[in-house]
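Read through the structure below, which is laid out as structure tokens, and then see the notes.
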């Protein structure tokens with residue numbers, strides 16, 4: 184039997200989007216949905232789809248409708264977040280978006296940090312521990 188996860192007991196939900204890897208960060212404390220795109224695109228359709236899922240989950244688990252006017256939806260621009268400079272780093276960049284957001288840090292890395300991040304991820308994976 185599948186175990187139900189109470190999403191509303193969480194503070195932050197990170198949703199990877201596979202379309203060349205982007206990320207949605209849902210901050211349940213602040214009631215925002217933020218879309219982070221490696222190519223700087225805005226995707227309000229993705230934010231609406233995820234809000235709809237959260238709305239359905241709220242109805243199912245808490246018998247409560249979410250008020251869409253209380254929730255902010257925002258797509259970060261290419262000027263606000265690092266972008267990838269090649270066709271092979273999209274997954275790593277999306278992982279680092281999630282890493283920085285989960286630690287409450289501003290996203291300040293650049294493409295030159297990617298080789299170090301790759302080595303660190305290998306080390307963490309082999310060591311089964313986050314650094």
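Residue numbers (the numbering used here): 184 to 314. Glycine included, every Cβ here is placed at the ideal spot set by N, Cα and C. Note that this is a predicted model, so its numbers are computed, not measured.
Out of the options, point me to the one whose CA is closest to residue i's CA.
i, options, result
"residue 234", "269, 263, 196", "196"
"residue 287", "312, 249, 295, 212", "212"
"residue 210", "201, 302, 194", "194"
"residue 228", "250, 256, 247, 292", "256"
"residue 200", "284, 214, 226, 237", "226"
Within a Cβ cutoff of 6 Å, which residues of the same chain sit near residue i, ignoring the five residues on either side of it in sequence?
i, result
"residue 267", "221, 273, 276"
"residue 293", "265"
Using the beta-carbon count (16 or more within 10 Å), is residue i buried or exposed?
i, result
"residue 188", "exposed"
"residue 218", "buried"
"residue 306", "exposed"
What is the DSSP secondary structure of residue i, counted as helix, strand or coil?
i, result
"residue 186", "coil"
"residue 195", "strand"
"residue 219", "strand"
"residue 233", "helix"
"residue 240", "helix"
"residue 248", "coil"
Once the 5 residues before and after residue i are set aside, which same chain residues still bring their CB inside 7 Å of it?
i, result
"residue 281", "197, 206"
"residue 261", "223"
Within its chain, find whatever has a CB closer than 8 Å to the CB of residue i; leave out the 5 residues flanking it on each side and keep chain order.
i, result
"residue 241", "191, 247, 248, 249"
Give me the DSSP bridge partner(s) of residue i.
i, result
"residue 200", "205"
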